[in-house]
Each structure stands twice: as C-alpha cells, then as structure tokens.
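Take a look at the structure set out below.
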Amino acid sequence: MGELLVKDKEVVVPGEIIAEGMDYLPSFGTYRKEQRIIANRLGLLSIDGKVIRTIPLAGRYVPRRNDMIIGRVIDILMSGWRININSAYSAVLMLQEATFKYIEKGANLSKFFSLDDWVVAKIIRVSSQNLVDLTMKGPGLRKLDGGRIITVNTYKVPRIIGKQGSMVSMIKEVTGCRITVGQNGFVWIQGEPEQELLAVRAIKKIGAEAHRNGLTDDIKKFLDKNKVKTKGEKQ
Amino acid sequence: MTFKKRPDGRKFDQTREIEAKAGIIKKADGSAYFRIGKTAAYAAVYGPRELFPRSQQDPKKGRLRCNYNMMPFSGAGERVRPGPSRRSKEISMVSEKALLPVVDLSDYPNAVVDVFIELPQTDAGSRCAGICAASIALADAGITMRNMVSAVSCGKVDDKVMIDLDYEEESYEDGDVADIPVAMVPDTGEITLLQMDGKIKKEDLKKAIEMVKKPLKEIVEIQKKVLKERYK
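Heads up: the sequence lines are chains X and E, in that order. Numbering-wise, the first sequence is residues 1 to 235 according to my numbering. Numbering-wise, the second sequence is residues 236 to 467 according to my numbering.
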C-alpha cells in the first residue's frame, strides 16, 4: 500500500521523498527510485489522483508553444529579427510572420522593427534544441510604444494575471494604466507617471507575496490606500 | 607535546556552528549563504543562459560552470592575491565535478548555468562551505537536481581522527596532519568529492570517512530546511 509522506500544496525541495510504494505515479518535477517517488525540483506539491507533480516556484522562463510573450529586438537578420525573450534562448521573428503588409525584396527591415524595439508576440514553434519561432499575426500582438517594462519571475505571472484576469484588471481599473503581461515575465505598463509607479509597486508586491492566500484582497487594500488622483479628476 | 584537546574545545566528531540562508542575492536566479564556524561562503547562480563562445556549446545538454574565489581580505592576515590562481582554478573544477552528478541539464541544450562562489572569510574548509552553498543556490534557482550535495572535511591531527578541521588544527606542526574534504549525496551515499592533503593510515582513513557521514546528513537537513523557510 502506497503512503504519502508530504501534504498537498506544500513546498518540496530536491531529494525529498514524497511517497513510498507503487500506488502513485511520478510526473513533472519528480522521479521514481525503486519504491520511492522523490522530488527533483524546488516546487509546490500538486497531487491529482494518482499523479504526483510539482509546480515550480523559481527558475528562468522556458519557451512553450502558444505563449504570449514580450520581447526586445536584439538583432536584424537577413529575413527577420532576433528577439530576446528573457530566457536562455533567443527567438526569431520571421518576415512572413511579422506583418500583413507587403514587404519588398531587399527592403530595410529596421523600418518595421529596429533594434531595441519592444514587441508583443506569440510563440508558434519550439524545437527540441529550443529554437524558438514567433508570430506577430494575431489579436493583441503589436509593437509597444512608450510606457515602461518591468521584469518579474515567470512563475509568478499566473498570480499577476489572476483568475480570468481579475488581478490585472483590478490594477488597470484603479491606476488607469494600460498593462500587458508576457508569459516570460516582462510586463509593459503605460499611463500617467504616478499611476505607472503605483502599478509597478502593486505588481512587485504580488511577485513578493505570490505564494500567500487571499492575495487579491490584500492588493485591493494596498491599491485603495495608495490611490493617486490623476490631474483634473475631482473627488 | 601530543594533541589531546581541540583548541576550540569541540568534540572530535563535532562540526563547527552552522548557519545557512537561501535567496539573499536579489539579482541572481538563485543564491545562498553558508557559514561553518569562521568560514563563510556566498553562492550565486545565474542561468540557464546563453553560452558564448559558441565553440563551448554542447547541443546534447547544458553546461555547469563553477567559479570559486577567495576575497583578498578573507585569509588569516595575509592578503590573498585577487584573480584566478592555480589553487582557485583547481577548486572551481572540483566543485563543478562535485555538483555535476546530481544536476540534470538535459533540458537546456547549448546553454550554461553559472555558479559563483565567493568567500568573504575563511578558516579552512572553504571548498566544502562553497559546495554546500552552491547546492542550496542551485536548488533555489529551480534547476533540476536529483538530490542535494553536502560537504564537510574530515582528517587526522597527530594521532586523533576528527571532522571539520579549522585552520589552527590544519597547521599543527608537532605531528602528522591529514585534511580530507568530502562531498557526498547523503541520501544515496555517493561520494562526489574526495581529496587529501597530508599523511594518514588506511584504517584511519576508513574511520574518518565513517565518522563524516553523520554530519553530512545533518547538513543536508539544514540545506533543505532553509530552502523551505524561504517560502513561509
């Protein structure tokens, strides 16, 4: 009979024995050694029936298909752009995926995206060697103008977005900023300068306290307390 | 005069006081502090990140790169000349090999994980402290690791077998001294680092390695505890 040695939703560290016996199945972040299931990554334990896996708490972004990410143009290639996506691997945005416009042969590509431009893009392919292809064709995918970029841990992005986007829309509502959160941990914020700063503080707070319960209420209180009035707005 | 008592009054199978902490360097992907007695080590992990020059990339799996460095003011009085030396290059290499058996980088082809070990203060046993700190930092960075590695030294001063020698014991002059740093995966019993300075008999070596297993287990528990404390 299998026995679980760690409770669900607890933090496990590499080498920690999670379960004994053959009744459970190891999944992401765990491995089996003889009768035992052992963690091999720092993470939050998640038990789904017989399957044991861990949800990572730390680490760099690993590119995955269909992720919406924010990236910076770091090089212009013969027929595309090389984009830094805050990961160990850079991505390529091919010419035919970049725009619906007709681009002439031999055109100067920096007219469309030049070095250090920021873009919102979607990952369409990741190869076994982690070569990444991007597309800019799709709703919400665009070049970013103005605003500021901040970096957060990629594994805290789901908390920043919240259930059905509840957290990020709350910040948008209070600060009046435009916010785009990329899966890779880059966040773009644009609005009035003071409001931008408040949004940055709120997002950093979520990043620091991501593993706590009842975070949405805390952030709501935080935003209400530190609310800044925009010019011309009456109370 | 024979060696009867340890200068700081410890028992022969007792380590110095240990203090550890995870996640202390904000900019790094993972970091840790590990202190054993007067020897202190910081470890910072960056990556997986792009590896250059390209000729060093390995398309089969990621690389692990360790850098061990003693700070100029860290030794006992004399200034340590900054920059790489024969000694620090060797210790960087053995630290890397002590950690590599547990680290799995097959998910990161062509990339590198950098580990920087810095020692602000040393009193013997610095490579062991460095390996302990690096092991916590790698786990903190979310790197896939089969298990944790812990390290501590053992050895012999005059005719007494003991563990965790400090500098005063290591430089004992009226008899033979052997200093044996050991790194181990305590859960499986694999030894990943075993070096020796000095002279020791076969039976004493066996005795010393038996003696060092218990403190290594205790260190691994401390390492796991501090990683969990970070998320409380």
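We treat Cβ as the ideally placed atom computed from N, Cα and C, and that holds for glycine.
Could you check which residue in the options has the C-alpha nearest to that of residue i?
i, options, result
"asparagine 130 of chain X", "X:Ala91, X:Gly140, X:Ile161 and X:Met167", "X:Ala91"
"aspartate 117 of chain X", "X:Ile124, X:Thr99, X:Asp145 and X:Met136", "X:Asp145"
"leucine 429 of chain E", "E:Asp422, E:Thr423, E:Ala443 and E:Glu438", "E:Ala443"
"glycine 272 of chain E", "E:Tyr402, E:Ala278, E:Val280 and E:Ala376", "E:Tyr402"
"alanine 19 of chain X", "X:Gly43, X:Arg41 and X:Ile47", "X:Ile47"
"methionine 306 of chain E", "E:Pro355, E:Arg298, E:Ile378 and E:Arg270", "E:Pro355"
"methionine 68 of chain X", "X:Lys172, X:Lys163, X:Val174 and X:Ile124", "X:Ile124"
"glutamate 188 of chain E", "E:Asn382, E:Thr274, E:Ala257 and E:Lys240", "Outside the displayed range of chain E (236 to 467) lies residue 188 of chain E, so it cannot be described from this structure."
"asparagine 345 of chain E", "E:Lys437, E:Arg300 and E:Ser385", "E:Arg300"
"leucine 44 of chain X", "X:Ser79, X:Ala210 and X:Phe222", "X:Ala210"
"aspartate 339 of chain E", "E:Lys324, E:Lys437, E:Gly297 and E:Glu353", "E:Gly297"
"leucine 223 of chain X", "X:Glu104, X:Gln190, X:Thr175 and X:Gly29", "X:Thr175"
Say whether chain X places a C-beta atom closer than 8 Å to the C-beta of residue i.
i, result
"lysine 436 of chain E", "no"
"alanine 263 of chain E", "no"
"threonine 357 of chain E", "no"
"leucine 462 of chain E", "yes"
"aspartate 349 of chain E", "no"
"glutamate 453 of chain E", "no"
"tyrosine 471 of chain E", "Since the first and last residues shown for chain E are 236 and 467, residue 471 of chain E lies out of range."
"arginine 300 of chain E", "no"
"lysine 442 of chain E", "no"
"methionine 380 of chain E", "yes"
"methionine 383 of chain E", "yes"
"glutamate 293 of chain E", "The question names glutamate, but residue 293 of chain E in the sequence shown is aspartate. No - not a single Cβ of chain X is within 8 Å of the one on aspartate 293 of chain E."
Verify whether the separation of the beta carbon atoms of residue i and residue j is less than 8 Å.
i, j, result
"isoleucine 371 of chain E", "alanine 276 of chain E", "no"
"leucine 134 of chain X", "leucine 93 of chain X", "yes"
"arginine 148 of chain X", "glutamate 196 of chain X", "yes"
"aspartate 411 of chain E", "glycine 433 of chain E", "yes"
"serine 27 of chain X", "isoleucine 52 of chain X", "yes"
"alanine 369 of chain E", "leucine 334 of chain E", "yes"
"threonine 151 of chain X", "asparagine 84 of chain X", "no"
"isoleucine 398 of chain E", "valine 447 of chain E", "yes"
"glycine 365 of chain E", "alanine 278 of chain E", "yes"
"phenylalanine 238 of chain E", "tyrosine 407 of chain E", "yes"
"leucine 373 of chain E", "valine 350 of chain E", "yes"
"leucine 57 of chain X", "tyrosine 155 of chain X", "yes"
"alanine 202 of chain X", "isoleucine 219 of chain X", "yes"
"lysine 122 of chain X", "glycine 138 of chain X", "yes"
"tyrosine 303 of chain E", "serine 320 of chain E", "no"
"serine 361 of chain E", "threonine 274 of chain E", "yes"
Could you confirm whether any beta carbon from chain E is found closer than 8 Å to the beta carbon of residue i?
i, result
"proline 56 of chain X", "yes"
"lysine 234 of chain X", "In this prediction, lysine 234 of chain X has a pLDDT of 48, which is less than 50 and means its spatial position is unreliable; nothing more can be read from the coordinates."
"glutamate 20 of chain X", "no"
"proline 14 of chain X", "yes"
"valine 92 of chain X", "no"
"asparagine 130 of chain X", "yes"
"alanine 208 of chain X", "no"
Using a Cβ cut-off of 8 Å, pull out every chain E residue sitting near residue i, in sequence order please.
i, result
"leucine 42 of chain X", "Ala374, Asp375, Gly377 and Leu462"
"glutamine 183 of chain X", "In chain order: nothing, as chain E lies at least about 16 Å away."
Would residue i count as contacting chain C if we go by Cβ distances under 8 Å?
i, result
"arginine 60 of chain X", "Judged by its chain identifiers, the structure shown contains no chain C, and its protein chains are X and E."
So which residues of chain X does residue i contact, with C-beta pairs closer than 7 Å?
i, result
"aspartate 422 of chain E", "Gly15"
"tyrosine 466 of chain E", "Val11, Leu57 and His211"
Determine the chain X residues that contact residue i at a beta-carbon separation under 8 Å, and present them in chain order.
i, result
"lysine 459 of chain E", "Val13, Gly15 and Glu16"
Could you name the residues of chain E that residue i contacts, counting a contact when the two beta carbons are closer than 7 Å?
i, result
"alanine 88 of chain X", "Gly282, Pro283, Arg284, Glu285, Tyr343 and Ala346"
Note down, one range per segment and in chain order, each beta strand (DSSP E) of at least 3 residues found wholly within the segment 303-373 of chain E.
-> 346-356
Length at least 4, wholly inside the segment 398-439 of chain E: the alpha helix (DSSP H) runs in chain order | 402-405
Complete runs of the beta strand (DSSP E) confined to the segment 68-117 of chain X [at least 3 residues] | 68-77, 80-84 and 91-94
Contiguous alpha helix (DSSP H) assignments of at least 4 residues, all confined to the segment 117-205 of chain X = Complete alpha helix (DSSP H) runs here, min 4: 157-161 and 166-175.
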